[in-house]
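Working notes, structure below.
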Amino acid sequence: MYPNHTHGQPAQRAVEVHHPTPIVQAAPVVPVQPGTVPAVASIVLPDGRVVTGYAIDPARPEPVAAKPTVSRTAVNVALGGVGFLAVCGGLLLLTSFITALTAFIGQLIILAAVIFGGWIAVQVLGTSGGSSGSSGTTVNIRRAVFKRNHFHG
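Residue numbers for the sequence shown follow this note's numbering, beginning at 296 and rising by one.
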């Protein structure tokens, strides 16, 4: 029969059982463009085992788009517009101030005329009544004759 059989039973062999070790993903998976095959890499582990697989490049962030430079002409136009608005506001305030100052001066002139006219009226009309007991300046007006632009009193 079989030379390895003893007492009619088959010989037992040592069975080796291999349990797969899960691979922990260290980098995010990057989708590969169709038509390109990534390179195959083999790594020898410290215990002598060889692991073969596809090399995965780490995900690279997308480059930041460069900001477009602003032309100096656009900056100058914008600053000129801001300056023009500031000048217009200042001129509006200046014209309002001049208008208010003119009205104030006109009111002062009218007030001075009223006060001065009242003072003259008091001086002239206040002395005509002698019975009031007030001591004022008496002005005597005599008849005067004007001949050929000469005063004869």
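For glycine and all other residues, C-beta sits at the position ideal for the given N, C-alpha and C.
Legend entry - N371 to L403 span [Cα, whole Å]: Residue 371 sits at position 76 when you count from the first residue of the sequence shown. Residue 403 sits at position 108 when you count from the first residue of the sequence shown. Cα-Cα distance, rounded: 47 Å.
Inset, instruction - State the Cα-Cα distance for the pair A395 and I405, rounded to the nearest angstrom. - result: To locate residue 395, count along the sequence shown from 1; it is residue 100. To locate residue 405, count along the sequence shown from 1; it is residue 110. Taking the straight line joining both Cα atoms gives about 15 Å.
Inset, instruction - Report the partner residues of T347 according to the DSSP bridge assignment. - result: The residue given as residue 347 occupies position 52 in the sequence shown. Paired residue(s): S337.
Legend entry - Continuous alpha helix (DSSP H) stretch holding A395: start and end: The residue you call residue 395 lines up with position 100 of the sequence shown. Start and end: R367 to L420.
Inset, instruction - Have a look at D342 and P356 and give me their C-alpha separation to the nearest angstrom. - result: The residue labelled residue 342 in the question sits at position 47 within the sequence shown. The residue labelled residue 356 in the question sits at position 61 within the sequence shown. C-alpha separation (whole angstroms): 35 Å.
Inset, instruction - Assuming A334 contacts G348 (C-beta within less than 8 Å), just tell me the rounded distance between them. - result: Here residue 334 refers to the residue found at position 39 when the sequence shown is read from its first residue. Here residue 348 refers to the residue found at position 53 when the sequence shown is read from its first residue. Not really, about 10 Å apart at Cβ, beyond 8 Å.
Legend entry - Distance between V409 and A416 (C-alpha atoms, nearest Å): In the sequence shown, residue 416 corresponds to position 121, counting from 1. In the sequence shown, residue 409 corresponds to position 114, counting from 1. About 10 Å.
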